[in-house]
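Going by UniProt numbering, the residue at position 70 of the sequence shown is 70; the numbering climbs one at a time, nothing skipped.
Here's the structure we're looking at; comments come further down.
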Amino acid sequence: MGRPTGILYSGLAILLVLSTVDAFYLPGAAPHSYENGDQVNLFVNALTPMLSGKNDPKLKSLINYDYYNPRFHFCEPTEGIQSQPESLGSILFGDRIFNSPYDIKMLQDNGTCKTLCTQPDITPEDAKFINDRIREDYAFNWLVDGLPAAESKKDQKTGDLFFDMGFNLGNDDNEETPFLYNHYEVVLRYHQPSAGQYRIVGVLVWPYSQDSEASNPTCEHTVRPQALSEARNNTVRYTYRVTWEESDTPWATRWDNYLHIFDPRIHWFSLINSLVIVLFLCVMVSMILWRNVTRDISRYNAIDLSEDVQEDWGWKLVHGEVFRTPQYPMILSVMTGNGAQLCAMVSVTLVFALLGFLSPSNRGSLATVMMVCWTLFGGIGGYYSSRIYASMGGLDRRKNAFMTATVLPTLVFIVIFTLNFFLLIAGSSGAVPFSTMLLIVVLWFGISAPLSAVGSYIGSRQGGVSHPVRVNQIPRQIPPAPKYLRPWATMLLAGILPFGAAFVELYFVMSSLFASRAYYAFGFLALTAGVVSLTTGTVTILFMYFNLCAEEYRWHWRAFLTGGGSAIWVLAYGLFYWASRLSLDSLSSVALYLGYLFLLVLMDFLVTGTIGFLASYWAVRRLYKAIRVD
């Protein structure tokens, strides 16, 4: 399916990872050396839309198309189309990799124009289909020795040269009728580590448009461009030329030219801004809580319990209500368990990324690791859900274990099936066959669900968390709370701080998900995730303290909602990103974007809500454990 859905098909991870182990290698651990004259395979991937426009780049579609879609009429290999083995994450991110008819030999240049094939009788309907894809700025995605074909571009701010992955299907900048690129200048850069051994370290392609009816045996770019008429049949001749260039770039650093940060100062500014926010917040919260709570505890503990009259005030006044079972404890515990599972998945994935295991040359490795972790960490979700449910006085533990293992995956699969339906209607190569999706569902409930049941059993055996104070039999009346302490207000106020610490990195993440941009700043992402977690926990504890001081003891749901408040701002930013960076015309693309955005917001709400709830639970227990209660 499309790119953001990779984390959602967890069940198939174990099976496909075991079947594609030979395709995985660590960065710098498995170079492929060629000898002079060896065959160099060029593989083709699905065509994807790319950000376009010089002044205001926008993405015009979210639909991927198979390279050998018959409506494109591209040249096919004489030995037949053969799919290449791919990792699970690569498949679910929309990659469809096949062999190609390009004949490339190591260090052997094609000095003259080499005809790949001639495609006659391209109908007006197919010509319109191709022209529409050119107008939507679709790009080729070729692979040579694991490296993507790219165009060499210059960073206008720094003046550095970098490789921009992919190259356009055609050009429609200046003419009403777009031009199809049908000639490709392929420049392969190689490095020689030892005598007679050569390694590919760069793949550059310069596409050109040349009229197929003009006589041009040398591929000189002097003829008029190739335009496809939508009123008659067309004939297109595809040609290419291969040139080899020696490079000083070693194989171990060949990705440095591709992974270009346009303005590193943006990341540093975001990180410093986040650190300042969290430092200020922690200092402010620490001062408030330390001064007020310490003073309150001293006053409470100084009371002579032998006196007949004892007057409580502030947060101690609700000590007999603070651990009362909240409404819908089952739902709250299930959401917390699923959030804990997602937190573990994100943490372990970031560790693998920071250690360099998730090489960009191993396509889909990031999504594959996330899916494996989500599947195997089902026990964590079951454990946290069952213990929290028991702590809140829940008795139907079997139902809790069942809902923890099924509710979130069922909701996610419903959304995914719906989005896959739109992909099928659009004829996208990212659409997953129904039988495959059904198999994924079966494997999910066959792997993760049993692990969740085991975690629930262990959590139930350990029982609930002990509470330092008893709960009164009769509930206490709650006075009206200030407007700024109402749930919707605390979600907005508390959510803006974690979002403010992460919104810059969020732009790059969304560009990676929707605009086919490679994301590789995992160091910045890990630090940002740590700052967001700390900010979420701290600000939730602060609002929890304000609620208790206002005699509002129903803190359980408020803590989860306050912690998950950043999801509201993520949703707002997603809509802003749609208005500023997307120009989607088709219903399928709009439905896909909104569906992916909903899943992203849901995951963020569960993760941050769980962090806020667990932090508040810890703070409440510590707070009431420090006072003497008669």
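By construction, the Cβ of each residue, glycine as well, lies at the ideal position given by its N, Cα and C atoms.
I'd like the ranges of any alpha helix (DSSP H) spanning at least 4 consecutive residues and lying wholly in the segment 521–565. As far as the segment 521–565 is concerned, its whole alpha helix (DSSP H) runs of at least 4 residues are 522–549 and 555–563.
Find the nearest neighbour of Leu350 within the set Val442, Asp248, Ala521 and Met491, judged by alpha-carbon distance. The shortest C-alpha separation from Leu350 is found at Ala521.
Proximity winner among Val236, Lys483, Phe514 and Val144, relative to Glu213 (alpha-carbon distances): Closest by alpha carbon: Val236.
Thinking C-alpha only, which one of Cys549, Tyr484, Pro468 and Leu408 is nearest Gly337? Across the set Cys549, Tyr484, Pro468 and Leu408, the C-alpha of Leu408 shows the shortest separation from the C-alpha of Gly337.
Whole angstroms is fine: what's the gap from Lys399's alpha carbon to Met330's? Using only the alpha carbons, I get a separation of about 9 Å.
As a quick exercise: from Arg486, Ala127, Leu594 and Ile200, pick the residue whose alpha carbon is nearest that of Leu548. It is Arg486 whose Cα lies nearest to the Cα of Leu548.
Helix, strand or coil for Leu169? Go by DSSP, reduced to three states. It is coil, neither helix nor strand.
Along the alpha helix (DSSP H) that carries Ala139, what are the first and last residues, could you check? For Ala139, there is no enclosing alpha helix (DSSP H); the enclosing beta strand (DSSP E) has its first and last residue at Tyr138 to Phe140.
Measure the C-alpha to C-alpha separation of Gln210 and Ala494 and round it to an integer number of angstroms. Gln210 and Ala494: Cα-Cα distance of roughly 58 Å.
When the Cα atoms are used, what is the spatial distance from Ala426 to Ser588? Each residue's Cα considered, the two are about 7 Å apart.
If you scan the segment 311–338 from start to end, which runs of the alpha helix (DSSP H) of 4 or more residues do you find wholly inside it? List check, alpha helix (DSSP H) in window: nothing returned.
Just tell me which of Leu147, Lys128 and Phe140 has its CA closest to the CA of Ser229. That would be Lys128, whose Cα lies nearest to the Cα of Ser229.
The segment 385–397 / the segment 440–448 touching (three or more Cβ pairs under 8 Å): Output reads no: the segment 440–448 does not touch the segment 385–397.
State buried or exposed for Gln310, treating a residue as buried only when at least 16 other CB atoms are found within 10 Å of its CB. Confidence at Gln310 is low in this model, with a pLDDT of 49, below 50, so the placement of that residue should be treated as unreliable; the coordinate-derived value is given next. Answer is exposed; the Cβ neighbour count stays below 16.
Looking at C-beta atoms only, is the number of pairs between the segment 125–139 and the segment 110–117 that lie closer than 8 Å three or more? The segment 125–139 vs the segment 110–117: no contact.
The segment 450–459 touching the segment 370–388, judged by at least three CB pairs closer than 8 Å: In short, these stretches touch, since the Cβ pair count reaches three.
Where DSSP assigns a beta bridge to Asn234, which residues make up the other side? DSSP lists Ile122 as partners of Asn234.
Which residues bound the alpha helix (DSSP H) around Gly500? Start and end: Pro487 to Phe514.
When Ser429, Pro498 and Tyr68 are compared against Ser90, the one with the closest alpha-carbon: Residue Ser429 is the option with its Cα nearest to Ser90.
For Val205, which residues in the same chain have their Cβ closer than 8 Å to its Cβ, ignoring the five residues on either side in sequence? So the qualifying residues of the chain are Phe140, Trp142, Ala149, Ala150, Glu151, Phe167, Tyr184, Glu185, Val186 and Val187.
Just confirm the distance between the C-beta atoms of Ile277 and Leu497, as a whole number of angstroms; I'd bet it's less than 8 Å. The pair is a contact, with the Cβ atoms about 6 Å apart (cut-off 8 Å).
Report the rounded CA-to-CA distance for Ala252 versus Leu358, giving the unit in angstroms. Their backbone Cα atoms lie some 14 Å apart in a straight line.
Do the segment 408–417 and the segment 474–493 meet, that is, are 3 or more Cβ pairs less than 8 Å apart? The count of Cβ pairs closer than 8 Å, one atom from the segment 408–417 and one from the segment 474–493, stays below three, leaving the stretches out of contact.
Would you kindly report the start and end of the unbroken alpha helix (DSSP H) that includes Tyr624? First-last of the alpha helix (DSSP H) with Tyr624: Leu587 to Lys625.
Limits of the unbroken alpha helix (DSSP H) element including Gly80: That residue, Gly80, is in no alpha helix (DSSP H); it is neither H nor E in DSSP.
Is Ser274 helix, strand or coil by DSSP? Three-state result, Ser274: helix.
So, for Arg387: in the same chain, excluding its five sequence neighbours on each side, which residues have a beta-carbon less than 7 Å away from its beta-carbon? Closer than 7 Å at Cβ, skipping near neighbours: Gly459, Gln462, Gly464 and Val465.
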